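Participant: Just dropping this structure here.
Number of protein chains: 2
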Amino acid sequence: MGLRLIPRTQSAHDAPLLIHRLLDTPLRQSPDQTIHYRDERTFTYKQLYERICRLAGALSKLGIGQGDTVAVMDWDSNRYLEAFFAVPMLGAVLHTINVRLSPEQMLYTINHAKDDVILVNADFLPLLDGFKDRMPSVKRVVLMRDAAHGDAMPETALELAGEYEALLDEAPAEHHFELFDENAMATVFYTTGTTGDPKGVYFSHRQLVLHTLGTLTALTAFRCQTNIDSGAVYMPITPMFHVHAWGFPYAMTLLGAKQIYPGRYEPAMLLRLLSEHDVTLSHCVPTILHMLVSSEAVKSVDLSRWAVIIGGSALPQGLCRAALELGINVYTGYGMSETCPVLTLANLKPNLLDLPLAEQVQWRCRTGLAVPLVQLELHDANGARQPHDGKSAGEVVVRTPWLTQGYLDDSERSEQLWRGGWLHTGDVATIDAEGYLQITDRIKDVIKTGGEWVSSLELENVLSKHEAVSEVAVVGVADERWGERPVAVVVPRIDLSGPVSEADLKALFAPLVEDGTLSSYAVPDRVLFRDQLPKTSVGKIDKKVLRQDVAQALAD
Amino acid sequence: MGLRLIPRTQSAHDAPLLIHRLLDTPLRQSPDQTIHYRDERTFTYKQLYERICRLAGALSKLGIGQGDTVAVMDWDSNRYLEAFFAVPMLGAVLHTINVRLSPEQMLYTINHAKDDVILVNADFLPLLDGFKDRMPSVKRVVLMRDAAHGDAMPETALELAGEYEALLDEAPAEHHFELFDENAMATVFYTTGTTGDPKGVYFSHRQLVLHTLGTLTALTAFRCQTNIDSGAVYMPITPMFHVHAWGFPYAMTLLGAKQIYPGRYEPAMLLRLLSEHDVTLSHCVPTILHMLVSSEAVKSVDLSRWAVIIGGSALPQGLCRAALELGINVYTGYGMSETCPVLTLANLKPNLLDLPLAEQVQWRCRTGLAVPLVQLELHDANGARQPHDGKSAGEVVVRTPWLTQGYLDDSERSEQLWRGGWLHTGDVATIDAEGYLQITDRIKDVIKTGGEWVSSLELENVLSKHEAVSEVAVVGVADERWGERPVAVVVPRIDLSGPVSEADLKALFAPLVEDGTLSSYAVPDRVLFRDQLPKTSVGKIDKKVLRQDVAQALAD
């Protein structure tokens, strides 16, 4: 008879998944729980809700309504949290400006997102000054000040609509929020690749609510190395402009947990807040954790209740070990701007919890287990599903109710992202029989030879173990018969007595082929020597340039 | 500019909220965890998934496809759990037949739901035999057998399509499930009122998935008297035909928890399973808990890890106390057939956990705190919102993404249920400043006088404390000036020395009016005496009959 949709009586209300609904629970559960901004200000959840109402009222007065865009340039603050709610609750779109972009890129995103109002921390006002008369969509600018800025209004060429706290004071303590479609856009922000302009990704109310519930279930419902619940004390150390601080502020607000917003990341302030509030949950990139772990001050702080989820790039085993030794409960999370972001968490299954910490390291450093509602598969170059055997590699493709449905105003790259109805992460990985994902490569660094994928990372690992090798990179070069063939480029150590030959290095692969660790077609055809490798502006090996260099060298 | 919906690139997949997706997580998280049926059979989650595929294949072979209806008549079993998934995953509708209805009511629901296939436990086959030739929509009947039934096929006038296990054996171990709209109907079942035919309520995939996530968050994420996680051992003691066993089988399956299905409820078997599997979570009506708590056998079982959520009717404080004394972690949940069902759980907030158990009783017996995504308000007779002050009473009205959007094929009662865009529960309650709901009455038992609501329960409590009162009921009788006025009817204790007068009993109210506990307009106009009170077939006081009796008596 064909699919039967549920009938709805005329007066029935179907309760759209709106961000507003995330606030109902903490207001019942823990209205007096506190939210802290550095050592400067403290608010209760009741006050948070009142401030959200006031911000909504103030923005309405500035002309913001459904479909308008409000941008924020701020460090991690209670103000940012207020904007996370108030702006989407108005039916407007929150643009979280990445303040680490180059000024021209930042200006590009302001104009591309067509920001109507910008809320700007005084620290970034000089930057915004520089964009004067080049932001045609921007109608009003609101200033946000910290204790360090004093009371005086800063010098600016821009006409300010007012100061954030003053505007809130003037606005009513209650606001009536309209109901609307859960597919309304709630947030937009930009992700940068190695080439081209920043790309805008965007998320609806529905997507953010489901991301909150899915992530929260993964964090709280499964027996693992953490025991997160509403008693958590949360402090983000991933900027709130970066994929909603990985969505945690929404999840922790629903929980009614104590929250600490640290402002600009300063090691002394971070450690002080960690210690003073006995923080139990944070997330950050490996660099930040490394900075904290290797600081002198860390030794005087008890971090034995602190869980830290690492994302952004892989958690190195050495750093994981060092953090565990300090009592820090560290493990991996995985996602990207396009995915809202959380896809996996390296939750240890109960049988792994009995392992000594040293043996837990390899599991904590895995990319992790997919969180509820995430479908995660490995596809080969032809879109064929690869088995979950811990060996077969494929590109990670996903389906889950919280993926950007395209790049803003970029139909070509949108279709490329979603080809075949799966979101393509561009990451190459294996999935083992226990369900743990392990990313091995970016797909653009993978070498496709004879229809098979060879991991450049794996080959580089083999070569890097030879004492004569200082730096190494493996790239694929075009090959008429095989499509691509792997070629290694090595920078030899200069302090060695004798020289190393191409044959010496190629010999490293023979035993691996023999024992089946490596396929014979994976062995590099050539090992070239260079005095140095080309690098990008941030110090990573530039494989694009290297590929051209190698192709040229082989053609000569 | 008006609301801005997120644009979707053509190839984008928006991941509908389908019941199928609840299975992804346990298959990754705990594929070898077990599901038990009495002491008869054990399956792993991997096997559960295979059996779901086989059931789907078998049903497809019987002609079941999208929009068809498959009914189940069974005790709580792994087969029922398989049907909870396989039937909706096919895009078909699962009708969970209430086997406690009268035969004629049951037949009514089979015909009203237009069941295509019925899966029937041999215990109910004679009943179904009696419906032969009176179920025009039913095309096939599948027999389900327990160990007690032996191997022989039972006598029946019906033509059987086969036996459940045999059909599963013949079906393929894998099944390709189509994707479809999340608003597809997944389940239907019937609720009975005091008058009229049973009413059909129905739930979509989206509603069941959101109910699962919302309930699971309430159960696992908030610090309270239980610490439920994937290590839970779950055994339902609410029938699976009754509002999806309150939705717990879906939630516990997503968790990958150990599950025990007890079949027909037999006290000895229940206690044996509780003990043998060290069950940590169940739910039931007060009657069942009372039966277990007062059994002789309970003394020999350690139930100190057992949490029991009580629903269906209020948890009496005496029963709560008795259960707590046995070490049982008992508390209230609230919902109804129309609400999927969970609306509230009596989670104790952290500050209440320090109270001695005796003082926790009043909190554990409250109706509870609304779970995430539930909006719950009190409306007076005019639909005006009442304050949450612990005193102002109103009808509980709700909005949440998992409410039946009407009664099946009953437009009049559908609109009545949803008048004003809120689902009307028919329960009268207060909400205190901490957010706890406390139901005081069914709205039909509330007395509306001079535009105010008076709780019959409250007045009955006052009168029942007098030593001369054996039974009491308070009803409203029509009054030209006030709309209604309260009148009490008392059955005096026959073993008392002296008689009790109307004035004696009315005098009980004076101090309560004086100290402000009771409004003066709430004091009953009359107290009548009777030898007995009219009762319904299940032994409840029949207030409908009593109202007529009182009106008649006062008119005489």
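Protein chains in written order, with the working numbering: chain A, 55 to 610; chain B, 55 to 610. Built from N, CA and C at the ideal position, the CB exists for glycine as well. All of these numbers come straight from a predicted model, not from anything done at the bench.
1) Reducing DSSP to helix, strand and coil, say where Asn165(B) ends up.
2) What in chain B is Cβ-close to Ser465(A), meaning under 7 Å?
3) Measuring CA to CA, which of His296(B), Leu373(B), Ser354(B), Pro395(B) is closest to Leu343(B)?
4) What residues are listed by DSSP as bridge partners for Ser258(B)?
5) Would you mind stating whether Thr241(B) and Asp169(B) have Cβ atoms separated by less than 8 Å?
6) Thinking C-alpha only, which one of Leu562(B), Ser65(B), Thr274(B), Leu309(B) is nearest Glu466(A)?
7) Measure from the alpha carbon of Leu5(B) to the alpha carbon of each residue in Val428(B), Tyr256(B), Lys312(B), then state which is nearest.
8) Whose C-alpha, out of Ala376(B), Asp549(B), Val529(B), is nearest the C-alpha of Pro540(B)?
9) Who are the neighbours of Asn165(B) on chain A, taking C-beta pairs under 7 Å?
10) By a C-beta neighbour count over all protein chains shown, 10 Å radius and 16 as the cutoff for buried, is Leu548(B) buried or exposed?
11) Closest Cβ-Cβ distance between Gly474(B) and chain A: below 8 Å?
12) Output, in chain order, the set of chain B residues within a Cβ distance shorter than 9 Å of Gln429(A).
13) Which runs of the beta strand (DSSP E), 3 residues or longer, sit entirely within the segment 244–328 of chain B?
14) Under three-state DSSP, which class holds Glu449(B)?
15) Verify whether the separation of the beta carbon atoms of Val482(B) and Glu449(B) is less than 8 Å.
16) In terms of alpha-carbon separation, which member of Gln120(A), Gln87(A), Gly389(A) lies closest to His265(A)?
17) Is there at least one Cβ from chain B nearer than 8 Å to Tyr162(A)'s Cβ?
18) Counting only C-beta atoms, is Ser275(A) closer than 8 Å to chain B at any point?
19) Does the beta-carbon of Gln261(B) have 16 or more other beta-carbons within 10 angstroms, so that it is buried, or is it exposed?
20) Per DSSP, what kind of secondary structure is Met390(B) in: helix, strand or coil?
21) May I have the straight-line CA-CA distance separating Lys186(A) from Met207(A), to the nearest angstrom?
22) Assuming Thr454(B) and Val428(B) make a contact with CB atoms under 8 Å, what is their CB distance in whole Å?
23) If you count every other CB in all the chains shown that lies within 10 Å of the CB of Lys594(A), and 16 or more means buried, which is it?
24) At a CB-CB cut-off below 7 Å, which residues of chain A make contact with Leu212(B)?
25) Residues of chain B with CB under 9 Å from Ser258(A), in chain order?
26) Could you tell me whether any Cβ in chain A is nearer than 8 Å to the Cβ of Thr88(B)?
27) Going along the chain, which residues of the segment 441–454 of chain A sit with their C-beta nearer than 8 Å to a C-beta in chain B?
28) What residues are listed by DSSP as bridge partners for Asn383(B)?
29) Rounded to whole angstroms, what is the Cα-Cα separation between Pro321(A) and Gln414(A)?
30) Could you work out which residue in Asp205(B), Leu477(B), Leu59(B), Thr163(B) is closest to Val126(B) when comparing CA atoms only?
31) Name the chain A residues whose beta carbon is nearer than 7 Å to that of Gly301(B)?
32) When you compare the segment 175–191 of chain B with the segment 209–225 of chain B, are there three or more beta-carbon pairs, one atom per stretch, that lie closer than 8 Å?
33) Smallest Cα separation from Arg420(B): which of Asp434(B), Arg439(B), Thr398(B)?
34) Tell me whether the segment 106–122 of chain A and the segment 224–235 of chain A touch, counting them as touching only if at least three CB pairs, one residue from each stretch, are closer than 8 Å.
35) Can you find a CB in chain D that lies within less than 8 Å of the CB of Gly145(A)?
36) Tell me the residue span of the alpha helix (DSSP H) that contains Tyr19(A).
Facilitator: In short, the structure shows the following:
1) helix
2) Close to Ser465(A), with beta-carbon spacing below 7 Å, are these residues of chain B in chain order: Thr63.
3) Leu343(B) has its Cα closest to that of Leu373(B), out of His296(B), Leu373(B), Ser354(B), Pro395(B).
4) Beta-bridge annotation (DSSP): Ser258(B) is paired with Met239(B).
5) no
6) Ser65(B)
7) In this structure chain B extends from 55 to 610, so residue 5(B) is not present and cannot be described.
8) Val529(B)
9) Ordered by position in chain A, no residue passes the 7 Å Cβ test against Asn165(B), which lies about 16 Å from the chain.
10) Per the sequence shown, the amino acid found at residue 548(B) is Ile instead of Leu. Classification for Ile548(B): exposed.
11) yes
12) Ala69, Arg75, Asp78
13) 253–258, 312–315
14) Looking at Glu449(B) - three-state DSSP - the assignment turns out to be strand.
15) Yes, they are a contact pair.
16) Looking from the CA of His265(A), the closest CA among Gln120(A), Gln87(A), Gly389(A) belongs to Gly389(A).
17) So no, Tyr162(A) is outside the interface.
18) The residue asked about is misnamed: residue 275(A) is Ala in this sequence, not Ser. Yes, Ala275(A) counts as interfacial toward chain B.
19) buried
20) coil
21) For Lys186(A) and Met207(A), the gap between their C-alpha atoms comes out near 18 Å.
22) 4 Å
23) exposed
24) In chain order: nothing, as chain A lies at least about 23 Å away.
25) The contacting residues are Leu59, Ile60.
26) No - not a single Cβ of chain A is within 8 Å of the one on Thr88(B).
27) Arg453, Thr454
28) Answer is Ala361(B).
29) 28 Å
30) Thr163(B)
31) Under the 7 Å cutoff, chain A gives no residues; its nearest Cβ is about 15 Å from Gly301(B).
32) yes
33) Thr398(B)
34) yes
35) You won't find chain D in this structure, because its protein chains are A and B.
36) Outside the modelled stretch of chain A, which goes from 55 to 610, sits residue 19(A), for which no answer is possible.
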